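S.K.: In the order they appear, the protein sequences are chains X and Z.
Numbered according to our numbering, the first sequence terminates at residue 222, and the numbering increases by one at each position without gaps.
Numbered according to our numbering, the second sequence terminates at residue 222, and the numbering increases by one at each position without gaps.
This structure is in structure tokens; I'll ask about it shortly.
Number of protein chains: 2
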Amino acid sequence: MNVLIADDELDMLRILQSYFKKEGFTVFTATNGSEALDIFYNEKIDLAILDWMMPEKDGITVCREMKKNQKIKVLILTARDTGEDEFIALSDGADDYVNKPFYPKVLLMRAKKLLQMESIQRINDVSFDISSKRVWKSGEELILTKTEFELLRIFSQNRRQILTRDQLLDLIWGIDYEGDPRTVDTHIRRLREKIGEDIIQTHRGVGYSTRE
Amino acid sequence: MNVLIADDELDMLRILQSYFKKEGFTVFTATNGSEALDIFYNEKIDLAILDWMMPEKDGITVCREMKKNQKIKVLILTARDTGEDEFIALSDGADDYVNKPFYPKVLLMRAKKLLQMESIQRINDVSFDISSKRVWKSGEELILTKTEFELLRIFSQNRRQILTRDQLLDLIWGIDYEGDPRTVDTHIRRLREKIGEDIIQTHRGVGYSTRE
DNA sequence: TTCTTTTGTAAAATGACTGTAACATTCCTC
DNA sequence: GAGGAATGTTACAGTCATTTTACAAAAGAA
Chain X
11 MNVLIADDEL DMLRILQSYF KKEGFTVFTA TNGSEALDIF YNEKIDLAIL
61 DWMMPEKDGI TVCREMKKNQ KIKVLILTAR DTGEDEFIAL SDGADDYVNK
111 PFYPKVLLMR AKKLLQMESI QRINDVSFDI SSKRVWKSGE ELILTKTEFE
161 LLRIFSQNRR QILTRDQLLD LIWGIDYEGD PRTVDTHIRR LREKIGEDII
211 QTHRGVGYST RE
Chain Z
11 MNVLIADDEL DMLRILQSYF KKEGFTVFTA TNGSEALDIF YNEKIDLAIL
61 DWMMPEKDGI TVCREMKKNQ KIKVLILTAR DTGEDEFIAL SDGADDYVNK
111 PFYPKVLLMR AKKLLQMESI QRINDVSFDI SSKRVWKSGE ELILTKTEFE
161 LLRIFSQNRR QILTRDQLLD LIWGIDYEGD PRTVDTHIRR LREKIGEDII
211 QTHRGVGYST RE
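See the structure below:
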């Protein structure tokens, strides 16, 4: 997992960096908003931890920019603590908001929550482990192919959201893959056969989603 | 969306209840942990907001119990504010943790984040999400066809305004579509059947509007 | 290599949605 | 209350989207 930490206090940066590195994250750091965006556009960042008050561009501005296109998780960090600020941050797309001073352990925990890093995930009676790629349905282990597992993982990471066939093609086969969107149907069909018909819901004319 | 709020301070309960009701949630309340679990087992609760310190069973115990089987979001509320507590709560399955005192607006925002309902619109007891094209009536999800959803969207964007059949044809089918205006009646009929008869009002000789 | 599994595509079968028309009901006017 | 106009309701067939089946190419395993 790639995390980008942006703060103009170097001490803060150093402390967070060491905490996240210890947990196995790949850490990128920036000391101002523009630098943060630069890194964002050049690396595949999963989570950005942004200080509100930064030179060049403040955390909220950077957050808005990042949230425009990509699906990245953003956590805003700040020493201000009026409710209004927190409200603005959350309204502007931030996924979480933590006041300074904070306990690093808690920040780490919140970061992991955002990234859904608990290794065992569950959708109704189907549970699976991302790292070992094993899947169970009410206790019984299922054998899924690579594509089927990918589908399941993508749905789990985008719960309740409707994903179009094209989105699924992009997410599983890559943005530059040129294939028949109907192929998705077939894989959905195969996945449903294994995990049960009621996990994935069809939205006619739109796409598919988990049913929860 | 059904939310359960559990706190032994009655003032707190009352304030939160009114905030959440105004936003269209169905609110259940409890003043201790056992009562909260009772309600949880008897109702379909989407989100539980639990005070940590409660008689009978504390919030964390209740949270653990709720998280055992079901897909429910839990937000822990507390006046303690050691990082250790927050860490425990989040580790034990809580989805978010907010310190008292807090700003109700922020709590509401966090609750909505948990339920992924940022762009939700409402007409009476019917709520829907334009971006994901999903519709609920008092908590239950409804399946609307494309045309039905379009109708609902147009009415929501033109609240209280009376729209003629021709206007609706133009807005939904496109300006150059040549079709029977009575077709609109049939779609209104089908939409009413799903969302309830009282949402869309007929204006004889003119057209239709929302009734609010 | 040969055999098996997985994958992508195509085409047939199924099922849902749509528009129209015909009939029923309600509302309004006289 | 009768008659006429507008709306509500139902039924149906054409159309379109999805599901399902089948098959051959590709990838992996033996």
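Beta carbons are placed, not taken as given, at the ideal position from N, Cα and C, and that holds for glycine.
Just so we're clear, the structure is a prediction, and the values are computed from it rather than from any experiment.
Thinking C-beta only, is residue 128/X closer than 9 angstroms to residue 81/Z?
M.R.: Counting from 1 along the second sequence, the entry for residue 81/Z is found at position 71. Counting from 1 along the first sequence, the entry for residue 128/X is found at position 118. No. Outside cutoff.
S.K.: Report the three-state DSSP secondary structure of residue 205/Z (helix, strand or coil).
M.R.: Taking the first residue of the second sequence as 1, we reach residue 205/Z at position 195. Helix.
S.K.: For residue 131/X, which three-state DSSP category applies?
M.R.: Position 121 of the first sequence, counted from the start, is the residue given in the question as residue 131/X. Of the three classes helix, strand and coil, the one that applies to residue 131/X here is strand, per DSSP.
S.K.: Interface residues of chain X around residue 116/Z at Cβ under 8 angstroms?
M.R.: Stepping through the second sequence from its first residue, residue 116/Z is reached at position 106. Correct list: 93, 96, 97 and 100.
S.K.: Alpha carbon to alpha carbon, what distance is there between residue 90/X and residue 141/X?
M.R.: The sequence position of residue 141/X within the first sequence is 131, counting from 1. The sequence position of residue 90/X within the first sequence is 80, counting from 1. Computed Cα separation, rounded: 38 angstroms.
S.K.: Among the residues of its own chain, which have a CB less than 7 angstroms from the CB of residue 105/Z, if the five just before and after it don't count?
M.R.: As a first step, residue 105/Z must be located in the second sequence, where it is residue number 95. Around residue 105/Z: 83, 84, 85 and 124.
S.K.: I'd like to know if residue 214/X contacts chain Z, where contact means its C-beta is closer than 9 angstroms to some C-beta of that chain.
M.R.: Here residue 214/X refers to the residue found at position 204 of the first sequence. True, the Cβ-Cβ gap to chain Z drops below 9 angstroms.
S.K.: Where does the unbroken beta strand (DSSP E) through residue 150/Z begin, and where does it stop?
M.R.: Within the second sequence, the letter at position 140 stands for residue 150/Z. Segment 150-152, the beta strand (DSSP E) holding residue 150/Z.
S.K.: Taking 9 angstroms as the cut-off, decide whether the C-beta atoms of residue 13/X and residue 99/X are in contact.
M.R.: Taking the first sequence and counting its residues from 1, one reaches residue 13/X at position 3. Taking the first sequence and counting its residues from 1, one reaches residue 99/X at position 89. Their beta carbons are not under 9 angstroms apart, which means residue 13/X does not touch residue 99/X by this criterion.
S.K.: Among 161/X, 64/X and 165/X, whose alpha-carbon lies nearest the alpha-carbon of residue 22/X?
M.R.: As a position in the first sequence, residue 22/X is number 12, starting the count at 1. For residue 22/X, the nearest C-alpha among the options comes from 64/X.
S.K.: Taking residue 58/Z as the reference, which of 203/Z, 189/Z, 118/Z and 199/Z has the closest Cα?
M.R.: Locating residue 58/Z in the second sequence gives position 48, counting from the first residue. Considering only alpha carbons, the answer is 118/Z.
S.K.: Tell me which residues of the region 164-194 of chain X have at least one Cβ-Cβ distance to chain Z shorter than 7 angstroms, keeping chain order.
M.R.: Here the close residues are 170, 171 and 172.
S.K.: Distance check for residue 143/X and residue 87/Z, CA to CA, integer angstroms please.
M.R.: In the second sequence, residue 87/Z corresponds to position 77, counting from 1. In the first sequence, residue 143/X corresponds to position 133, counting from 1. Approximately 35 angstroms between the Cα atoms of the pair.
S.K.: In angstroms, rounded to a whole number, what distance separates the CA positions of residue 50/X and residue 202/Z?
M.R.: Counted from its first residue, the first sequence places residue 50/X at position 40. Counted from its first residue, the second sequence places residue 202/Z at position 192. Approximately 47 angstroms, taken between the alpha carbons.
S.K.: Under 9 angstroms between C-beta atoms, does residue 83/X make it to chain Z?
M.R.: Your numbering for residue 83/X matches position 73 in the first sequence. Chain Z contact via Cβ: absent.
S.K.: Work out the CA separation of residue 200/Z and residue 163/X for me, nearest whole Å.
M.R.: As a working note, residue 163/X is residue 153 in the first sequence. As a working note, residue 200/Z is residue 190 in the second sequence. About 36 angstroms.
S.K.: To the nearest angstrom, report how far apart residue 15/Z and residue 38/Z are at their CA atoms.
M.R.: For the purposes of this step, residue 15/Z is taken as residue 5 along the second sequence, with counting starting at 1. For the purposes of this step, residue 38/Z is taken as residue 28 along the second sequence, with counting starting at 1. The straight-line gap from Cα to Cα measures roughly 6 angstroms.
S.K.: Please tell me whether residue 96/Z and residue 145/X are closer than 9 angstroms, where the distance is taken between their beta carbons.
M.R.: On the second sequence, residue 96/Z is found 86 positions in, with the first residue counted as 1. On the first sequence, residue 145/X is found 135 positions in, with the first residue counted as 1. Their beta carbons are not under 9 angstroms apart, which means residue 96/Z does not touch residue 145/X by this criterion.
S.K.: Can you tell me whether residue 215/Z is buried or exposed, with buried defined as 16 or more other CB within 10 angstroms of its CB?
M.R.: Within the second sequence, residue 215/Z is the residue found at index 205, counting from 1. So residue 215/Z ends up on the exposed side.
S.K.: In chain Z, which residues lie less than 8 angstroms from residue 120/X when you measure between Cβ atoms?
M.R.: As a working mapping, residue 120/X is identified with position 110 in the first sequence. Correct list: 100.
S.K.: Report the three-state DSSP secondary structure of residue 157/Z (helix, strand or coil).
M.R.: The residue labelled residue 157/Z in the question sits at position 147 within the second sequence. Looking at residue 157/Z - three-state DSSP - the assignment turns out to be helix.
S.K.: Of all the beta strand (DSSP E) runs that stay within the bounds of the region 45-75 of chain X, which reach a length of 3 or more residues?
M.R.: Listed in chain order, the complete beta strand (DSSP E) runs (minimum 3 residues) inside the region 45-75 of chain X are 57-61.
S.K.: Consider the Cβ of residue 51/Z: report whether some Cβ of chain X lies at a distance smaller than 9 angstroms.
M.R.: Residue numbering aside, residue 51/Z sits at position 41 when the second sequence is read from its first letter. False, the Cβ-Cβ gap to chain X never drops below 9 angstroms.
S.K.: For residue 175/Z and residue 193/Z, what's the separation of their Cα atoms in angstroms?
M.R.: As a working mapping, residue 175/Z is identified with position 165 in the second sequence. As a working mapping, residue 193/Z is identified with position 183 in the second sequence. Distance between the alpha carbons of residue 175/Z and residue 193/Z is about 9 angstroms.
S.K.: Can residue 69/X be considered in contact with the ligand SAM, in the sense that its beta carbon sits closer than 8 angstroms to one or more heavy atoms?
M.R.: Because no ligand of any kind appears in the structure shown, any question about the ligand SAM cannot be addressed here.
S.K.: What whole-angstrom Cβ distance do residue 213/Z and residue 172/Z have, given they're in contact under 8 angstroms?
M.R.: Numbered from 1 along the second sequence, position 203 holds the residue referred to as residue 213/Z. Numbered from 1 along the second sequence, position 162 holds the residue referred to as residue 172/Z. Rounded, the Cβ-Cβ distance is 5 angstroms, consistent with contact.
S.K.: By DSSP, does residue 199/X sit in helix, in strand, or in coil?
M.R.: Mapped onto the first sequence, residue 199/X falls at position 189. Correct three-state label for residue 199/X: helix.
S.K.: Count the other C-beta atoms from every protein chain shown that fall within 10 angstroms of the C-beta of residue 187/X, then say buried if there are 16 or more, exposed otherwise.
M.R.: In the first sequence, residue 187/X corresponds to position 177, counting from 1. So residue 187/X ends up on the exposed side.
S.K.: At what residues does the alpha helix (DSSP H) containing residue 185/Z begin and finish?
M.R.: Position 175 of the second sequence, counted from the start, is the residue given in the question as residue 185/Z. Careful: residue 185/Z lies outside any alpha helix (DSSP H) and carries neither H nor E.
S.K.: Hey, residue 189/Z and residue 179/Z are a contact pair by Cβ (cut 8 angstroms); roughly how many whole angstroms apart?
M.R.: Taking the second sequence and counting its residues from 1, one reaches residue 189/Z at position 179. Taking the second sequence and counting its residues from 1, one reaches residue 179/Z at position 169. That belief holds up - the Cβ atoms of residue 189/Z and residue 179/Z are roughly 6 angstroms apart, short of 8 angstroms.
S.K.: Determine whether the Cβ of residue 110/Z lies closer than 9 angstroms to any Cβ atom of chain X.
M.R.: For the purposes of this step, residue 110/Z is taken as the residue at position 100 of the second sequence. Judged by the 9 angstroms Cβ criterion, residue 110/Z is not in contact with chain X.
S.K.: For residue 216/X, does the three-state DSSP call read helix, strand or coil?
M.R.: Working through the first sequence from its first residue, we reach residue 216/X at position 206. The answer is coil: DSSP assigns residue 216/X none of H, G, I, E or B.
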